[in-house]
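**Q** Protein chains in written order, with the numbering used here: chain S, 57 to 333; chain X, 621 to 979.
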Amino acid sequence: MAFDYNQYIRGGKLPHIWCPGCTYGIVFKSLIRSLDAIKQDKDDLAVVSGIGCASRLPGYLDANTLHTAHGRALTFATGVKMAAPGKRVIALSGDGDATAIGGNHFIHACRRNIDITVLVLNNYIYGMTGGQHSPTTPKGHNATTMPYGNIDPNFDIPKLAIGAGASFVARGTAYHVPALDKILIEAINHKGLSVVEIINACPTTHGRRNKFKNATDQLLWMKDTFMPLAAFDKLPAEKTEGKLPLGVLYKKENAPEYCETYAAMSAGVRQKLEGRA
Amino acid sequence: MKDADAGTVHREFVKGNEAICHGALAAGCRHYFGYPITPQNDIPEYMSTHMAAHGGVFLQAESEVATINMLLGAAAAGKRVMTSSSGPGISLMQEGISYMAGSELPAVIVNISRSGPGLGGIAPSQGDYFQAVKGGGHGGCRIPVLAPHSVQEMYELTMHAFELADRYRTPVMILGDAIIGQMKEPYTPGLCEPPGPIDKPWATTGCAGRPRQHVKSLYLKDDDIERHNWKLHEKLQRIEKAEVRAESYHLEDARIVLVAFGTAARVCKTAIQWARKEGIAAGMIRPVTLFPFPKTLVHETAGKADLLLVVEMNTGQMVEDVMISTSHHDKVRFMGKPCAMPTPDDILAEIRLLAGKTS
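1. Helix, strand or coil: which one does DSSP assign to Gly142/S?
2. What is the rounded straight-line gap between the Cα of Lys267/S and the Cα of Thr185/S?
3. With distances taken between CB atoms, is the gap from Ala133/S to Val176/S smaller than 8 Å?
4. Counting contacts by CB-CB distance shorter than 8 Å, is Thr921/X in contact with chain S?
5. I'd like the ranges of any alpha helix (DSSP H) spanning at least 4 consecutive residues and lying wholly in the region 160-222 of chain S.
6. DSSP state of Lys957/X, grouped into three classes?
7. Beta-carbon separation of Asn206/S and Cys258/S under 8 Å?
8. With respect to the beta strand (DSSP E) encompassing Tyr652/X, which residues constitute its N-terminal and C-terminal limits?
9. Check the Cβ-Cβ distances between Ser733/X and every residue of chain S, and say whether any is below 8 Å.
10. Contact defined as beta carbons within less than 8 Å: I believe Pro191/S pairs with Ala147/S. What is the distance between those atoms, to the nearest angstrom?
11. Would you kindly check if the distance between the Cβ of Gly248/S and the Cβ of Glu313/S is under 8 Å?
12. Restricting to runs no shorter than 3 residues, where is the beta strand (DSSP E) found entirely within the region 804-877 of chain X?
13. What three-state label does DSSP hand Asp118/S in the structure shown?
14. Hey, Asp118/S and Arg66/S are a contact pair by Cβ (cut 8 Å); roughly how many whole angstroms apart?
15. Using a Cβ cut-off of 7 Å, pull out every chain X residue sitting near Tyr182/S, in sequence order please.
16. Going by DSSP, which residues form a beta bridge with Ser705/X?
17. Do you know offhand how far Thr229/S's Cα is from Phe750/X's?
18. What does Asn637/X reach in chain S if we use C-beta pairs closer than 7 Å?
19. Grab me the residues of Ala639/X's own chain with a C-beta within less than 7 Å of its C-beta, minus the 5 sequence neighbours each way, in chain order.
20. Could you spell out where the alpha helix (DSSP H) holding Glu253/S opens and where it closes?
21. Please confirm whether Leu784/X and Glu863/X have their CB atoms less than 8 Å apart.
22. Residues of chain X with a CB under 8 Å from the CB of Met283/S: which are they?
23. Establish whether the CB of Gln680/X and some CB of chain S are separated by less than 8 Å.
24. At a threshold of 7 Å, does Thr890/X count as lining the ligand MN (C-beta to nearest heavy atom)?
25. Using beta-carbon positions only, say whether Ala647/X and Pro814/X come within less than 8 Å of one another.
26. Closest to Gly882/X by C-alpha separation, out of Thr703/X, Val908/X and Ser947/X, would be which residue?
27. Taking 8 Å as the threshold, find out whether the region 123-137 of chain S comes into contact with the region 744-761 of chain X through three or more Cβ pairs.
28. Helix, strand or coil, according to DSSP, for Ala721/X in the structure here?
29. Evaluate Thr916/X with the Cβ neighbour count: other Cβ atoms within 10 Å of its Cβ, from every protein chain shown; 16 or more gives buried, anything less gives exposed.
30. At a CB-CB cut-off below 9 Å, which residues of chain X make contact with Met202/S?
31. Using only the alpha-carbon positions, how far apart do Lys622/X and Leu300/S sit?
32. What does the alpha-carbon distance come out to for the pair Cys109/S and Trp74/S?
33. Report the option in Thr131/S, Lys143/S, Met202/S and Ile172/S whose CA atom is closest to the CA atom of Ala681/X.
34. Would DSSP call Phe288/S helix, strand or coil?
35. For a cutoff of 8 Å on Cβ pairs, would you count His161/S as touching chain X?
36. Quick one: which unbroken alpha helix (DSSP H) runs of 4-plus residues sit fully inside the region 276-329 of chain S? Chain order, please.
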């Protein structure tokens with residue numbers, strides 16, 4: 057029997073707003089399959105997003121969802137997790153949302169290692185506002201606010217997350233779909249802050265201005281650019297140029313998780329006070 | 621402006637947002653900082669193309685919080701600076717605007733507003749009136765607010781904003797909306813003179829050969845902060861005295877006087893023309909400066925007219941300033957259309973009702 061996506065899709069919300077060729081639908085379905093694989097109870101799941109095309113995803117998902125302010129998904133998610141530490145919290149963001157206006161919140165959530173899964177849907181551009189450059193727009197690429205080619209250096213999102221203290225960091229793409237399912241399952245199951253950068257294509261505001269003929273062209277670029285970490289590590293240094301690793305890039309088991317650390321501190325304080333009384 | 625050879629008037633057919641850029645460049649603004657937000661993206665996009673060509677600076681910041689503080693830095697260095705955004709982004713800038721008002725730094729801040737509160741929507745709205753006019757930032761800051769109602773004014777008032785900013789050492793806000801920013805109509809450049817360069821002896825440009833100077837809003841010693849507050853207050857009073865601008869539209873014989881600004885005022889003009897064809901003596905006060913508000917004109921007009929009808933694209937904000945301006949409270953009526961443009965028919969129907977006409 058075919059997989060029933062409707063069990064996780066909110067009635068009456070489709071069709072979605074994404075343009076033809078946008079790869080966010082691929083990520084949406086991968087997320088649904090992953091949630092199904094771990095038998096995630098929808099009532100115990102909160103999905104929080106900020107602003108941008110990616111941040112519309114939770115609107116279609118039948119769970120407890122919050123569509124919040126630009127860049128602030130992780131702060132709302134932190135509030136939810138601290139208020140309901142027993143619930144599963146997924147924060148979902150785009151490259152501009154997570155690493156430009158929300159960059160500060162991103163690194164501090166990583167630093168706390170709070171048990172939230174952060175999905176950063178990186179399409180290299182501000183799509184919703186019409187194609188302005190983001191902190192991940194490749195150098196030299198055209199954007200509506202970089203008409204002479206982008207001069208801004210980029211963030212490498214996994215490296216940023218590792219540096220900031222996240223205990224699980226992975227990268228997937230909208231092309232390598234079975235691998236993405238696996239990564240998402242592992243990320244959601246991980247205790248602590250897990251970051252998954254998911255490479256996406258925006259043919260409307262990025263691809264067609266940057267010599268990609270169509271969306272397929274962008275997916276083929278993903279196929280050629282990204283390779284499993286093990287294979288990437290075996291390449292001689294001179295052959296890694298223009299290639300990026302895929303999969304789980306960093307994982308630290310048993311790193312102190314923020315909600316648990318807080319609960320332990322709180323229990324200790326109460327114990328002390330009771331001892332005095 | 622007349623073309624020497626053809627004897628024709630040179631006109632530009634552009635969006636309101638683009639006319640703002642033309643005005644800024646004509647006024648000598650060479651430093652622009654911004655962040656994407658609908659419905660003002662044409663401004664940073666234009667600036668990213670043209671600032672580099674003019675040898676100026678365009679920088680897309682990581683957020684509006686960053687933007688406004690980059691603006692503060694460039695203003696302190698003595699440059700003519702501008703940013704633009706829309707409601708949610710302007711909210712994020714409020715801290716910096718307060719710092720700039722406190723530090724007496726000139727800057728032009730454009731709000732091509734959308735509907736709210738919160739994320740609201742991208743439909744046109746005048747819901748940011750209170751935030752703009754009453755000083756959205758902390759600590760009692762207020763700044764002049766200009767409200768263009770045409771592409772021509774988007775161009776001219778931008779130049780005027782730079783002049784006010786430099787003359788009074790204050791941030792100045794241009795409050796437009798999605799319609800006035802996104803619509804195209806012809807405008808004539810050169811009808812008014814751009815502000816010339818101005819000496820900024822207070823700017824932090826290095827202190828070789830002169831005493832060190834400070835650009836700051838922090839005053840901890842004795843009653844310095846109280847004196848500073850009175851100084852800023854006195855400046856606002858001078859602005860209120862000298863800088864009020866309003867358009868009087870068919871006001872001479874008007875019995876029913878509309879009060880509206882920006883896009884709402886455009887629509888009112890059509891409704892007034894239609895009402896006059898029906899023999900209703902309607903007119904309008906259109907505040908061009910929302911702060912300072914044309915209090916005297918409003919009060920004097922209220923004394924003569926039968927009724928004032930305040931028309932806004934919100935649920936009633938400027939109407940409070942109308943009430944403050946006049947003691948004829950019984951004559952003030954309000955018509956609001958939040959998050960959408962009222963049609964001339966909507967307004968005409970209200971005018972007819974007030975005039976006691978049924979059809």
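Note that the Cβ used here is the ideal one computed from N, Cα and C, for glycine as well.
Since this is a predicted model, take the numbers as computed values, not measurements.
**A** This is what the structure gives:
1. coil
2. C-alpha separation (whole angstroms): 21 Å.
3. Contact flag unset, no.
4. no
5. 213-220
6. If DSSP states are grouped into helix, strand and coil, Lys957/X belongs with coil.
7. no
8. His651 to Gly654
9. no
10. Not confirmed; about 18 Å, so no contact.
11. yes
12. 804-807 and 866-869
13. coil
14. The Cβ separation is near 5 Å, so the contact holds.
15. Pro656
16. Answer by DSSP bridge pairing, in chain order: Asn731/X.
17. Answer to the nearest angstrom: the Cα atoms are 46 Å apart.
18. The contacting residues do not exist; Asn637/X stays about 12 Å from chain S at best.
19. Val771, Met774, Tyr775 and Tyr807
20. For Glu253/S, there is no enclosing alpha helix (DSSP H); the enclosing beta strand (DSSP E) has its first and last residue at Ser250 to Ile255.
21. For the 8 Å CB-CB criterion, Leu784/X and Glu863/X form a contact.
22. In chain order: nothing, as chain X lies at least about 31 Å away.
23. yes
24. Looking for the ligand MN in the displayed structure turns up nothing, as the structure carries no ligands at all.
25. yes
26. Selected option, being the one with the closest Cα: Val908/X.
27. no
28. Helix at Ala721/X.
29. Classification for Thr916/X: exposed.
30. Ser668 and Gln680
31. Since pLDDT at Lys622/X reaches only 48, below the 50 mark, its modelled position is unreliable, and the value read off the structure follows with that caveat. The alpha-carbon atoms of Lys622/X and Leu300/S are separated by roughly 59 Å.
32. 7 Å
33. Met202/S
34. helix
35. no
36. 285-290
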